[in-house]
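In terms of full-length UniProt numbering, the sequence shown has 546 at position 546, counting the first letter as 1, and numbering is strictly consecutive.
Heads up, the beta-carbon is just placed ideally off N, CA and C, and yes, glycines get one too.
Source: prediction; values computed, not measured.
One structure is given below, encoded as structure tokens.
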Amino acid sequence: MSVLRTFHDIVTDQTLSFQNKAQSLLDFGLKVFDLDIGIISCIQNNIYTVDFVACHNNELAVGAQFPLDNTYCVHTLTAKKALAFHRAGKSTIATHPCYQNFKLESYIGAPININERTIGTVNFSSTEPSSPFSTEYIDYIELFAQWLGSEIARNNSIQQLEKNNQTLQKLEKAAQIGTWELELSSNSLYWSEQTKVIHEVSEQYEPKLDNALDFYTTSSTRNQIEQAVEIAVNSGEPWNLDLEITTAKNKQIWVSTQGNAEFENGQCIRLFGTVQNITDSIKMKHLLEAQKLEAEMMLSERSKLFSKISHELRTPLNGIIGMLNAAAYEQNKTQMQEKIKVALRSSDLLLCIINEVLDYSKITHGELTLEPSHFLLETIFTDLISLFTPLCQSKSSKLIADINIPKEIPAYFDSTRLNQIVSNLLSNAIKFTDKGEVTLTASARQVADNINLTFSVKDTGIGMTPETQNALFKPFSQGASLITQKYGGTGLGLSIVKELVGMMQGNVSVSSEFGVGSEFTVNLTIPLGKVNLTPEPSAELEDIDASSMNILVVDDNEINRIVMIACLQRFNVIPDSALDGEDAVERCKAKKYDLIFMDCIMPIMDGWQATQKIRADKLVPDSTIIAALTANTSESDKQACRQAGMNLFLTKPINVASVHDALCKTLNESPLKLTCS
């Protein structure tokens, strides 16, 4: 068999790997050249490494390394072509280290090149002299080298492609992007591994054009993808669509599918593209859209708030300013008092509006907290009945009460907020009931250490449509605009009721019929309070003479100082004034005071700091009462006042009853704890 025939059989054998072919080529070369050693080497940085070896005595192993200059191949690389010699000891290279170390007499080798770069050699050698190597043998060794170069280059390309493919698969997996190809001539469809993962099919799944489109389950999405494919085939226009599909496991997901067309001689021969799971992105998009809508609604609500409050504030302000202006020029004392009473009622209304806005602001910012205390539960309802009965009578309506709560049952709860809930419901019912009845029903039952409280407010007023009921507990909602125009109000009352009841772990429900009336029902579970509580006697505002007392009013606001001075003058007191905490400290150094009304928020030195210094430096006797003046009513604010050394806590706007109480306690000269007035 000829050399070329055998060479061809070796290199074209599809059952052999490159390694097997290389080894077979070396074995075949030993026979062809009749030599003892065959080597395929790799040369890097002047280091000669044996990659493949064939020898009869197995003295040389794969991986053995030598300096390039110590091998005959250095001459081959210098010549840049095949090189051979058959009797080295009789030639000029007899002094070469390779001959000196291994006594190799015969050698034939050629450089292995890839893209004009030498990467190694293929060579055969022997310790015995051989016959001179013919031109034909030189051609053989060069043929071996050329095949090895091209095969190594091909293998390198395959390895790089595999590496790239692995990298692509990793990138596909990380980005959840798969690839696909469709050969139109055969209708053969290829899906990458990640494409199969996205569609939740097995690795062995073989996609077909028809069943691939079946994942687009809705008629809309299927029509879109089919139309996109048709346009791409006809005109080459690519597509980029976000569509919802149903996976093989019946899971609804969103994918971004992209496609391109490849043409040859004006004919579309192939479609290819990507598919990406964008479910999370779509969810995020929808979330952002919802957040945007919520933000727009919040801005709209804020605009409504400003508009509503602006409108609602003007009514009581008009009453206050108008009546006070009229009273200033009124000569008739009786008429003057009537005008002042109107101004006072308007100021109460103004305070209610401000409190509603402040409460709503605290609720929306999560700053409102419940502050429980011990109280008799029944008193909440009886006091409110007394308060609202005259209001009902003034509107030709009747307040009916059915209170089934034991008089001596104590509760440990936020009495202020419970009072606010009942008040808001009663106020709302009376507002929308021009004539007829408003009924307050309440019952309480003790269960272990809790009280199950249920109360309802029912009216025979204008009632509500189903649409109004759906938006009932939303801020600023009062139903139709005509109702808002007629009855006024901020529309925050029921929203605050809903939030407060929720904070109390209770529930509120409503039933209503338009033109017939409405009923609101609240259910709460309240902790049982301390026993032996008795109702506090209602304070009668008696006349007192406090002219013997030394009193200091500390406030940085001139109007606040004038108001306090006017209140105190009613009790025959002409107080001293301080403009801030630092001024108050200096005045206490010069004069001993029995009672100090101390504003908390002031520049230079605030009320807490001033009180601490006054107490620490003993500038006043221990019996001196320091009463905090503040608009903040939280428990943390009260605690800050206690820690600073204040005895009383008066909430702005200050009323005459609070001032009267502070004067009485000072006159009694009793040791006091912090009390709310």
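Below 8 Å, enough C-beta pairs join the stretch 592-605 and the stretch 541-561 to call them touching: three or more.
Nearest to Asn404 by alpha-carbon distance, out of Met323, Ile421, Phe381, Arg417, is Phe381. Closest by C-alpha distance to Lys81, out of Lys435, Thr521, Gly109, Thr95, is Gly109. Around the Cβ of Pro390, a 10 Å sphere holds fewer than 16 other Cβ atoms; the residue is exposed. When secondary structure is reduced to three states using DSSP, Ala248 falls in the coil class, being assigned neither helix nor strand. Going by beta carbons, Phe455 and Ile526 fall outside the 7 Å limit. Collapsing the DSSP output to three states places Tyr48 in a strand. Ranked by how close their Cα comes to the Cα of His86, the residues Thr76, Gly63, Thr127 have Thr127 in first place. Beta bridge pairing from DSSP links Phe432 with no other residue. Cα atoms of Ser443 and Met646: separation of roughly 40 Å, rounded to the nearest angstrom.
Here the alpha carbons of Val457 and Leu317 stand approximately 30 Å from one another. Boundaries of the beta strand (DSSP E) harbouring Ser456: 450-459, taken from the DSSP string. According to the DSSP assignment, Ile565 belongs to the alpha helix (DSSP H) that extends over 558-569.
A check of alpha carbon separations from Ser256 across Gln224, Ala232, Ser235 identifies Gln224 as the nearest. The alpha helix (DSSP H) runs lying completely inside the stretch 81-163 and spanning 4 residues or more are 97-102, given in chain order. The criterion of a C-beta distance shorter than 7 Å is satisfied by Ala662 and Ala627. Across the structure, Glu226 and Glu244 are spaced so that their CA atoms are roughly 14 Å apart. Look at Met504 here: in three-state DSSP terms it is coil, with no helix or strand label. Beta-bridge analysis with DSSP links Glu262 to Arg270. Ranked by Cα distance from Thr521, the options Leu528, Phe514, Gly515, Val510 are led by Val510.
Under DSSP, the beta-bridge partners assigned to Tyr190 are Glu181. For the set Ser547, Thr76, Thr460, Ile604, the Cα lying nearest the Cα of Leu426 is the one of Thr460. For Phe215 against Thr246, the beta-carbon gap comes to about 6 Å, under 8 Å, which counts as contact. For Ser219, the enclosing alpha helix (DSSP H) has its first and last residue at 219-235.
For Lys398, DSSP records a beta bridge to Glu437.
The alpha carbon of Arg154 has as its nearest neighbour, out of Phe18, Asn101, Phe33, the alpha carbon of Phe18. In the DSSP assignment, Met598 is bridged to Val554, Ala628.
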